[in-house]
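Asks: Using the numbering used here, you'd call the opening residue of the sequence shown number 739 and step up by one each time.
We put the beta carbon where it would ideally sit given N, CA and C, even for glycine.
What you are looking at is a predicted structure, and each value in this text was computed from that prediction instead of being measured.
Take this structure, written in structure tokens, and hold onto it; I'll ask about it next.
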Amino acid sequence: MTPREGLTTVDSETIALAEDEYAAAADTARIEVRELHTAAEAAEAALLLDEVWSVDETGTNVLEPGLIVAFAHAGNYVSAAYSLDEPGEMIGVTIGFFGQPLGTVMHSHIAGVRHQIIGRGAGSAMKLHQRLWCLNLGITEMTWTFDPLVARNAYFNFQRLGVGMVEYLEDFYGQMRDGVNAGQASDRMVVSWPLDKPARASVADADSAFECLRSDDNGEPVVAEVPKEAGLVSLDIPSDIEALRGQDAELASRWRTALRDSLTALVGDGWVVDTCLKGGTYLLHHP
């Protein structure tokens, strides 16, 4: 695979490093990532995504198999991770398409792994394979959206990959019908990952941050006004919002509103998201 005419050529050292990082991650996770091309592969990928997002008998799909085939045929990124311990078993799917400006950006639309695989490092290996695929084409930036209330995803994106926040989108997809998102506003954070640069290390000290959003003793969100002298603020979120949605959907919705209002107000005032710590604490600084 070579860059198309007119696109950037990434230096061989960067690509070699990306190859090594993917290979090491895939070996640790005991998976192999392969591109998908056929209708049969797309049908299997669609069923896996429905399983991951707990789609029921509503007649909807996370992604129609025909659309997956079309994405692949048009030259976009469509891949699946297969277990090395159970040959032929598909355990994860990643799909992305080209964004603007054309030739420089890949938008990663969806990535999911079977629930029993979470924690094995498969998601990291899949993302590194996608990065390698992009770099081989001369693409040096990847964007995607994620639910900013899902602490484990926020931690992975900021701490493991070194993304930067681009924007906050309120109810971006509208009402969603899958088992993970149904009944909740589909707020999303857009992030950008520079593929040809090392991950940014966070040096912020959470102990010195002013608590702008925190939980009280009953688990309710508490928002505080940021004093003018503050240089670093923290926004705490539930460590497992998905479990909270199942236990108390109204409380989960109050957390959605609290994070939305706090984060958008801060970013609107010039604050910058540095990272998200394990367990669910965003740190922001004011340049």
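1. Taking the beta strand (DSSP E) that G804 falls in, what are its first and last residues?
2. Using C-beta distances below 7 Å, list every residue in its chain close to A996, excluding the 5 sequence neighbours before and after it, in chain order.
3. Do the CB positions of F948 and V971 come within less than 8 Å of each other?
4. Any heavy atom of the ligand FMN closer than 7 Å to the Cβ of R926?
5. Could you compute how far the alpha carbon of G826 sits from the alpha carbon of L785?
6. To the nearest angstrom, how far is it from the Cα of N895 to the Cα of A778?
7. Whether or not the segment 973-984 and the segment 858-871 are in contact is what I'm after, with contact meaning three or more pairs of Cβ atoms, one per stretch, closer than 8 Å; do they touch?
8. For the segment 974-1021, which segments carrying the beta strand (DSSP E) assignment without a break, of at least 3 residues, lie completely within its bounds, in sequence order?
9. Got a sec, what are the start and stop residues for the alpha helix (DSSP H) V733 sits in?
10. Check this for me: beta carbons of I975 and G1018, under 8 Å apart or not?
11. Comparing C-alpha positions only, which one of L801, A781, S862 sits nearest to R768?
12. Using 8 Å as the Cβ pair cut-off and three pairs as the minimum, do the segment 827-837 and the segment 801-817 touch?
13. Starting from the C-beta of S953, find all residues in its chain whose C-beta is less than 8 Å away, skip the five residues before and the five after it, and write them out in chain order.
14. For the putative contact between V748 and G912, defined by C-beta atoms under 8 Å, what is the C-beta separation to the nearest angstrom?
15. Where do the ends of the alpha helix (DSSP H) carrying I753 lie?
16. Should A812 go down as buried or exposed, given a rule of 16 or more other Cβ atoms within 10 Å for buried?
17. Once the 5 residues before and after R926 are set aside, which same chain residues still bring their CB inside 7 Å of it?
18. Taking just the CA atoms, how far does G900 sit from A968?
19. In this structure, does DSSP put F884 in helix, strand or coil?
20. Measure the C-alpha to C-alpha separation of S924 and D788 and round it to an integer number of angstroms.
21. P1025 and V1005 look like a contact to me (Cβ under 8 Å); what is the Cβ gap, rounded to whole Å?
22. What do you reckon, are the CB atoms on V904 and S930 nearer than 8 Å?
23. Suppose the cutoff is 7 Å on Cβ atoms and the five residues either side in sequence are ignored; what does the same chain contact list for E759 look like?
24. Please classify D943 as buried or exposed, where buried requires at least 16 other C-beta atoms within 10 Å of its C-beta.
25. If you run the structure through DSSP and keep just helix, strand and coil, what is I829?
26. Specify, as a first and last residue, the run of the beta strand (DSSP E) that G850 falls within.
27. To the nearest whole angstrom, what separates the beta carbons of A819 and V771, a pair I think is in contact under 8 Å?
28. Hey, could you find the ends of the beta strand (DSSP E) Y906 is sitting in?
29. Can you list, in chain order, the residues of its chain whose CB lies under 6 Å from that of I855, leaving out five sequence neighbours each side?
30. CA-CA distance, L873 and T798?
Replies: The relevant details are as follows:
1. Careful: G804 lies outside any beta strand (DSSP E), inside the alpha helix (DSSP H) at 803-811.
2. Excluding sequence neighbours, A996 sits near L951, P959, V961.
3. In this structure, the beta-carbon distance from F948 to V971 falls below 8 Å.
4. Absent from the structure shown: the ligand FMN. Ligands present: none.
5. Answer to the nearest angstrom: the Cα atoms are 15 Å apart.
6. So the alpha carbons of these two residues sit roughly 31 Å apart.
7. Short answer: they don't touch.
8. Restricted to the segment 974-1021, the beta strand (DSSP E) segments that are unbroken, complete and at least 3 residues in length are 1010-1015, listed in chain order.
9. This structure cannot speak to residue 733, because the chain is shown only from 739 to 1025.
10. Less than 8 Å divides the Cβ of I975 from the Cβ of G1018.
11. Closest option to R768, Cα to Cα, is S862.
12. Contact between the segment 827-837 and the segment 801-817 is present, because at least three Cβ pairs lie under 8 Å.
13. Cβ neighbours of S953 beyond the five flanking positions: P959, V960, D974, P976.
14. About 37 Å separates the two Cβ atoms, so there is no contact after all.
15. Start and end: 750-767.
16. Around the beta carbon of A812, fewer than 16 other beta carbons sit within 10 angstroms, so the residue counts as exposed.
17. Correct list, in chain order: T883, F884, D885, L907, F910.
18. Using only the alpha carbons, I get a separation of about 24 Å.
19. When secondary structure is reduced to three states using DSSP, F884 falls in the strand class.
20. If I take the Cα positions, the gap works out to 18 Å.
21. Between V1005 and P1025 the Cβ distance is about 12 Å, and since that is not below 8 Å, they are no contact.
22. Contact check for V904 against S930 passes: the beta carbons are separated by less than 8 Å.
23. The residues are L866.
24. Exposed: under 16 other Cβ atoms inside 10 Å.
25. Residue state, collapsed to three classes: strand.
26. Annotation for G850: the continuous beta strand (DSSP E) segment containing it runs 843-851.
27. By a beta-carbon distance limit of 8 Å, A819 contacts V771. Their separation comes to about 5 Å.
28. Boundaries of the beta strand (DSSP E) around Y906: 902-907.
29. Within the same chain, I855 has close Cβ partners I829.
30. In this structure, the CA atom of L873 is about 34 Å from the CA atom of T798.
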